[in-house]
Structure formats: C-alpha cells, structure tokens
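A.B. asks:
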Amino acid sequence: AEHLGRRTRVEVGLHGSVIETLSLLLPQLRPRTDSAHLEAAQQRHREDDAHLAELATGDAGDTSLHPPHVARLLSELATDNAIFTCDVGTPTIWAARYLRMNGRRRLIGSFIHGSMAGALSQAIGIQLAEPTRQVVAMCGDGGFAMLLSELLTLRQLKVPVKVIIFNNSAYGFVELEMKAAGTLEYGTQLDNPDFGQLAEAAGIKGMRVSDPGQLESVLREALAHDGPVIVDAVVKRQELSVPPHIEAAQAEGFSLYAFKAIMDGRGGELLEMAKTNLFR
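In the working numbering, the protein residues as written are 1 to 280.
1. Thinking C-alpha only, which one of Gly-109, His-51, Ala-170 is nearest Asp-297?
2. How about His-66 and Gly-58: are their beta carbons less than 8 Å apart?
3. Spell out the partners DSSP gives Lys-205 in its beta bridges.
4. Kindly confirm or deny that the region 115 to 125 and the region 73 to 93 touch, where touching means at least three C-beta pairs closer than 8 Å.
5. Rounded C-beta distance between Ile-164 and Ala-137? I'm assuming under 8 Å.
6. Whole angstroms are fine: how far does the CA of Gly-227 sit from the CA of Ser-241?
7. Mind checking Glu-2: buried by the 16 CB within 10 Å criterion, or exposed?
8. As a quick exercise: from Asn-168, Leu-128, Gln-156, pick the residue whose alpha carbon is nearest that of Cys-139.
9. Taking the beta strand (DSSP E) that Ile-83 belongs to, which residues open and close that run?
10. Between which two residues does the beta strand (DSSP E) holding Met-116 run?
11. Alpha carbon to alpha carbon, what distance is there between His-113 and Asn-102?
12. Using the Cα positions of Ser-149 and Pro-193, report the straight-line distance between them to the nearest angstrom.
13. Which two residues bound the contiguous beta strand (DSSP E) that contains Val-235?
14. Can you pull the DSSP bridge partners for Met-273?
15. Exposed or buried, which one is Val-209 when buried takes at least 16 other CB atoms within 10 Å?
16. What does a CB cutoff of less than 8 Å around Gly-152 pick up in its chain, not counting 5 residues either side in sequence?
17. Count the other CB atoms, across all protein chains shown, that sit within 10 Å of the CB of Thr-105; report buried if there are 16 or more and exposed otherwise.
18. Nearest CA to the CA of Tyr-186: which residue from Lys-260, Ala-123, Ala-222?
19. Given a threshold of 16 other Cβ atoms within 10 Å of its Cβ, counted over all protein chains shown, does Pro-212 qualify as buried or as exposed?
20. Compare the C-alpha of Phe-195 against each of Gly-267, Leu-38, Ile-230 and name the closest.
21. Are there 16 or more other CB atoms within 10 angstroms of the CB of Pro-131, so buried, or fewer, so exposed?
22. Under the rule that 16 or more other beta-carbon atoms within 10 Å means buried, what is Thr-92, buried or exposed?
23. Taking C-beta to C-beta, are Lys-236 and Thr-183 nearer than 8 Å?
24. What is the C-beta distance between Glu-269 and Gln-238, in whole angstroms, given that I count them as a contact (C-beta under 8 Å)?
25. Taking all protein chains shown into account, do 16 or more other C-beta atoms lie within 10 angstroms of the C-beta of Thr-90, making it buried, or fewer, making it exposed?
Listed below in structure tokens is the structure:
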C-alpha cells in the first residue's frame, strides 16, 4: 500500500483484491445518463480517424513509401486475431495509430521501457507459444539491424513470423527528438543492406518494396506465406509523426533546427520534408 502514488498522483489510494474492492465501490456509484462527453469524444475520434486515413496513402510509381500506408494495409490484411509486436520509436507510433484492435488481436511492445530491438525477439517467442495464430513483427531498420542475429534464430526455429521492416535508413525517432530540440541530426543515418536479399541468403523468404503501387500485393504474399518472411519496406525518412498537441518549446526547437539546416547547406532536407508531409 505504501507504493500507491509513487509514480503518478492519485486522488484516492485503494489497496485490496480487485473483486472485493469493486464490490464495495460499485454500490456507491451514481448512474449517469448524460452521454454528451461520450458523444463528443466519439466525434473527435471519427475526425482523427479521417485525418489519419488521408495520410495513409501512396502514389504508384513513387520511389518510397509513407509508413502510415504500410501500417494501414498491414492492419487491413492481417487476420482478425493476429498478434503484432512493434519496435520502439516510429514503429510504435504507426502501430498505435493504424492497427485496428478488435478484442481478439494483441499488440505487444516495450513501450514505457523503450528497449530497442524487441519486436522480432518477442514475435519469435509469441509464435512458439501461439503456433496457430498469425504473428507480425513491425521492426525499425535500426532495431532489426541491432539484433540481426535473431534472423538466424528465425531460420533455426522456422517459426512463420512475418517481419515488416520500416526501413527509413535512420534512427527515425531519435532524429525527431533532435529536431524538436533544435539540433541538427548527427550519428543517426544508417547505411543499410537490402534486408530482403539478406533474408534470402539466410534461407528465409525475403522481399523488398518501395513502390506504393506494389505494396498491397507484396504484403498479401508475405502474410500468406507458410513460413517466416522478411519484408524490407523502404519508407520515407522525412515522414513526421506529429503529436496531437505541439508545445511551444517543440515549435521553437523545430524552427531553430530549420534555421541551422539552411545555414548548414541542408535546405534540400527541408524541401524533402515539406514534400513528404505537406504536399500530399
């Protein structure tokens, strides 16, 4: 009981078994029939969904993918009781925004702990425990490369995990944090191999996709494969995962980053960022 409120402020601290505590609390609750707050929240949710859906598209013939497009199609094509794992950073954001959970699906990740490179390891363990369910690992390229040895574990165990790599050739979330702090990104770029070919060399089905027009067919084929598969999805490095609310300090930091980028001769990055996020 002395630990209640240690990590977050509480109004009333209660210590006891769930059933006994709720049995004492429920009779004290007053029924409420006013649904205005619920309806307002539902309307806002519908508006947010519509806005996010506008961002989850792509133009056939483009040379790279919008990561929301990958996540949306993955959600639409996966089984209704699929188990998803996601690496920390931007894969967690895309999973949270675009995976449709229905009470039968599960989403597992490191989340608060922020431990990098967990998605594939978690997916392998989950697939061994749930051999009849579809298990999909949403990996970042940095996370996948960090524990690349798990590729051989996947081959050794031959569990049918579907691995989707959001390959933006960078530690994407770290770059976002640096930009929001007004810092030019440094030490975040990744010179990646073709992960699809790497998988093939390891004896695992490997695929690579960068054209939005081919994305759906590639994901369908990957999810239907009867063994493990690696999909190297080449996504846009400058895709911004804008939070619901932008604080003044973040806006100020991003403005400072933009100024530094121009002064450093990196205006092309800003143009690419504008094309990726604004001119859709």
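Idealized CB from N, CA, C, for every residue including glycine.
C.D. replies: Short version:
1. Given that the chain is displayed from residue 1 to residue 280, the structure contains no residue 297 and the question cannot be resolved.
2. yes
3. Val-229
4. Counting Cβ pairs under 8 Å, three or more are found: they touch.
5. 7 Å
6. It is roughly 32 Å from the alpha-carbon of Ser-241 to the alpha-carbon of Gly-227.
7. exposed
8. Asn-168
9. 83 to 86 is the span of the beta strand (DSSP E), which, as asked, contains Ile-83.
10. Met-116 -> no beta strand (DSSP E), and no H or E assigned at all.
11. Those two C-alpha atoms are separated by around 25 Å.
12. 15 Å
13. Looking at the DSSP string, Val-235 is not in any beta strand (DSSP E), and its letter there is neither H nor E.
14. For Met-273, which the question treats as bridged, DSSP gives no partner whatsoever.
15. buried
16. Per the sequence shown, residue 152 should be read as Leu rather than Gly. Within the same chain, Leu-152 has close Cβ partners Ala-202.
17. Looking at the sequence shown, residue 105 is not Thr but Arg. The residue is buried, with at least 16 neighbouring Cβ atoms inside 10 Å.
18. Lys-260
19. Around the Cβ of Pro-212, a 10 Å sphere holds 16 or more other Cβ atoms; the residue is buried.
20. Ile-230
21. exposed
22. When all chains shown are included, Thr-92 counts as buried.
23. no
24. That pair is a contact at about 7 Å.
25. buried
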